[in-house]
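Student: Okay, here's the structure, questions in a sec.
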Amino acid sequence: MTDAHPSVADGQTSPAGRRYLTVWRWHFYAGLFVTPFLMLLASTGLAMLLFANISGREGERMEVTPQATVQPLSVQAEAARRALGTDTAAVVQYLSPRADNMVAVFRVNDSDTATMVAVDPYTAQVMKTYPRNQDGYHLMDEIHSDILLGPLGDYLLETAASLTILLVISGFYLWWKKQGRLKALFFPALGKGRHAWRSVHGALGTWVSLILLLFCLSGIAWAGIWGGKVVQAWSQFPAGKWGVAPNPESDVVTHGQLLNDGKTKEVPWVLELTPMPQSGTTLGKDGIAPDVPMTLETVDRYAREIGFTGRYQLNLPKGEKGVWTLSQDSMSYDANSPTIDRTVHIDQYSGKQLADIRYDDYNGFGKFMAVSIALHMGTLGWWSVAANVVFCLSVIFICISGWVMWWKRRPAHAVGLTPPAQKIKPLPFWAMVLPLLVVAIVFPTAIIAIATVWLLDTLLLSRIPALAKWFK
């Protein structure tokens, strides 16, 4: 198929052609910033996916030989505690075995040091000890979260994810203008050279773009600005729904503060900013009988009685007001469906159930995040693992092919990066301002980047001869 819109070098100066080149120029600028981050995110996401399904996020996929009898949890926990060789160590979390032939995992804290201990549940023999959050999975997770740069990295990734939305929209426009046929949007045409690269780039981009938008939205909903300051703050679960009023303002401890340990997220998105209930209240409903001692065994038995099956997490109370917390969610690789999300809090003194929060109790955006994060992390079964592998590789290819196309489209005599600014007629005012206003309201980090690029392009790159030659 011949080009509907030849390049500037071919003398294209019609209003439609100049409008096309305006969008192309912004598509290029967005890609210039976004593609390195997209390739990094796709690579680290792919690595996390493989680590989680080979060794497990917490090393829980270590295999043992099933036997007829399982040792009491208190015996397993004591073996894990003694593995640290110090009297000050304390068990703070229990991760039940993923399958009958896999280990149980205990988190043991000693001062400020957290150690994971894998225990054979049939013999209570310690299989392995290892530092918490310091394996390959968590390294990739930290890079994926903030590029090891803290708040600055979080800001950069949020900006990249926001600009990806602009990249996808402009890419759709460019590809539709080139093809004009629905079939051509989804299926690449055979050919050679730049046209073949463009065809594969566009068709593959069509397939990948909707998933990419979903992943970007779920990713930045957990970022510091759009996530933490906007949608997450408005979408938190109402702490008083179960009759347990929020704690006094000076005494508020959220789920995220208490249960997230490190950069790896362990609490469902909708609960992160929700205040935790406290032990010692007269509220709550009947749970574990008052005359039953509160031990690992009794709490685990209660968890099974109220419907927790397979792998789940049990957090022991922290401090005098702490609660026992039972949780299960696909985000933590507990099961293959986000609809199994459930968090239960139990008073450490009375045994009363203070909260029982399930997927059906989430608000609309909370449900969207639970489902999209499961898709994002590939926790919906083998098919979602395979789909995520294909997706990550496709994103990497799209980024590389974009650069290859730019290189191949440059005329032999040119040294420029984009269509010359003086050849491009701006889009109508409303067509430029309205999308930017929407982006500015929804994604504040993106508009800062867009304004910066526009200022550089208008005031610097096009006015200084030494720099302008690189854009001719």
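Counting with our numbering, you get residues 49 to 520 for the letters of the sequence shown.
The C-beta atom is built at its ideal place from N, Cα and C for all residues, glycine as well.
Keep in mind it's a predicted model, so treat the numbers as computed, not measured.
Give the straight-line distance between the Cα atoms of residue 430 and residue 224, rounded to the nearest whole angstrom.
Tutor: Approximately 34 Å between the Cα atoms of the pair.
Student: Just list the residues that DSSP pairs residue 393 with in beta bridges.
Tutor: Paired residues: 373, 403.
Student: Starting from residue 175, follow the beta strand (DSSP E) in both directions and report where the run begins and ends.
Tutor: Element bounds for residue 175: 174–179.
Student: Got a sec, what are the start and stop residues for the alpha helix (DSSP H) residue 350 sits in?
Tutor: Unbroken alpha helix (DSSP H) run through residue 350: 344–353.
Student: Can you tell me the Cβ-Cβ gap for residue 180 and residue 163, rounded? I've got them flagged as a contact below 8 Å.
Tutor: That pair is a contact at about 6 Å.
Student: Contact between the region 205–222 and the region 248–257 is defined here as three or more beta-carbon pairs at a separation below 8 Å; is this criterion met?
Tutor: Yes, they touch.
Student: What number of angstroms, rounded off, separates the C-alpha of residue 132 from the C-alpha of residue 111?
Tutor: Roughly 22 Å between the two C-alpha positions.
Student: Quick one, are the C-beta atoms of residue 322 and residue 343 less than 8 Å apart?
Tutor: Going by C-beta atoms, residue 322 is not nearer than 8 Å to residue 343.
Student: Let's test the definition: count the other Cβ atoms within 10 Å of the Cβ of residue 56 and tell me whether it reaches 16, buried, or not, exposed.
Tutor: For residue 56, the pLDDT reaches just 43, beneath the cut-off of 50, and the residue's location in the model is therefore unreliable, leaving the point undetermined.
Student: With residue 497 and residue 81 assumed to form a contact (beta carbons below 8 Å), what rounded beta-carbon distance in angstroms separates them?
Tutor: That belief holds up - the Cβ atoms of residue 497 and residue 81 are roughly 7 Å apart, short of 8 Å.
Student: Would you list the one or two residues that DSSP bridges to residue 326?
Tutor: Partner(s): none; residue 326 has no beta bridge.
Student: Could you give the DSSP three-state label for residue 158: helix, strand or coil?
Tutor: Three-state result, residue 158: strand.
Student: Can you say whether residue 149 is buried or exposed, counting buried as having 16 or more other CB atoms within 10 angstroms of its CB?
Tutor: It counts as exposed.
Student: Strictly by DSSP, which residues pair up with residue 164?
Tutor: DSSP lists 155, 178 as partners of residue 164.
Student: How would you write the range of the alpha helix (DSSP H) that residue 185 sits in, first residue to last?
Tutor: First-last of the alpha helix (DSSP H) with residue 185: 184–194.
Student: Would DSSP call residue 143 helix, strand or coil?
Tutor: The answer is strand: DSSP assigns residue 143 an E or B state.
Student: Based on the DSSP secondary-structure assignment, which residues constitute the bridge partners of residue 362?
Tutor: The partner list for residue 362 (beta bridge, DSSP) reads 142, 374.
Student: Check each candidate in 98, 335, 247, 267 and name the one with the smallest Cα separation from residue 209.
Tutor: Residue 267 is the option with its Cα nearest to residue 209.
Student: Take residue 354 as the anchor and find which of 370, 336, 363 has the nearest alpha-carbon.
Tutor: It is 336 whose Cα lies nearest to the Cα of residue 354.
Student: Since residue 318 and residue 285 are thought to touch, with beta carbons under 8 Å apart, how far apart are those beta carbons, to the nearest angstrom?
Tutor: So it is a contact: roughly 5 Å between Cβ atoms.
Student: In the DSSP assignment, find the unbroken alpha helix (DSSP H) run with residue 122 in it and report its ends.
Tutor: Run containing residue 122: 121–130, per the alpha helix (DSSP H) assignment.
Student: Could you have a look at residue 111 and say whether DSSP puts it in helix, strand or coil?
Tutor: Correct three-state label for residue 111: strand.
Student: Less than 8 Å between C-beta atoms, sequence neighbours within five positions excluded: which residues of the same chain meet that for residue 368?
Tutor: Only 327, 328 meet the Cβ criterion.
Student: Specify the secondary structure class of residue 517 as computed by DSSP and reduced to three states.
Tutor: Note on residue 517: pLDDT 46, under 50, position unreliable in the model; no value is reported.
Student: State the CB to CB distance for the pair residue 362 and residue 348, rounded to an integer number of angstroms; the pair is presumed to be in contact (CB under 8 Å).
Tutor: The pair is a contact, with the Cβ atoms about 6 Å apart (cut-off 8 Å).
Student: With a CB to CB cut of under 7 Å and the five nearest residues on each side skipped, what residues in its chain are close to residue 211?
Tutor: Around residue 211: 78, 81, 82, 494, 497.
Student: Any idea what DSSP makes of residue 500, helix, strand or coil?
Tutor: If DSSP states are grouped into helix, strand and coil, residue 500 belongs with the helices.
Student: Quick check on the burial criterion: 16 or more other C-beta atoms within 10 angstroms. Buried or exposed for residue 281?
Tutor: The residue in question, residue 281, is exposed, as its Cβ has fewer than 16 Cβ neighbours within 10 Å.
Student: If residue 156 and residue 167 are in contact, beta carbons under 8 Å, what's the gap, nearest whole angstrom?
Tutor: So it is not a contact: roughly 11 Å between Cβ atoms.
Student: So, using beta-carbon positions, are residue 222 and residue 71 closer together than 8 Å?
Tutor: Taking 8 Å as the Cβ cut-off, residue 222 and residue 71 qualify as a contacting pair.
Student: Along the alpha helix (DSSP H) that carries residue 305, what are the first and last residues, could you check?
Tutor: 303–307 is the extent of the alpha helix (DSSP H) around residue 305.
Student: Helix, strand or coil for residue 311, going by three-state DSSP, please let me know.
Tutor: If DSSP states are grouped into helix, strand and coil, residue 311 belongs with coil.
Student: Note down the Cα distance separating residue 411 from residue 283, rounded to an integer number of angstroms.
Tutor: Rounded to whole angstroms, residue 411 to residue 283 spans 7 Å at the Cα level.
Student: Whose C-alpha, out of 402, 152, 390, is nearest the C-alpha of residue 104?
Tutor: Checking every option, the nearest Cα to that of residue 104 belongs to 152.
Student: From the DSSP secondary-structure annotation, give me the bridge partner or partners of residue 456.
Tutor: Answer by DSSP bridge pairing: none, since residue 456 is not bridged.
Student: Could you tell me which of 123, 492, 325, 158 sits nearest to residue 274, measuring between CA atoms?
Tutor: Measuring from the Cα of residue 274, the nearest candidate turns out to be 492.
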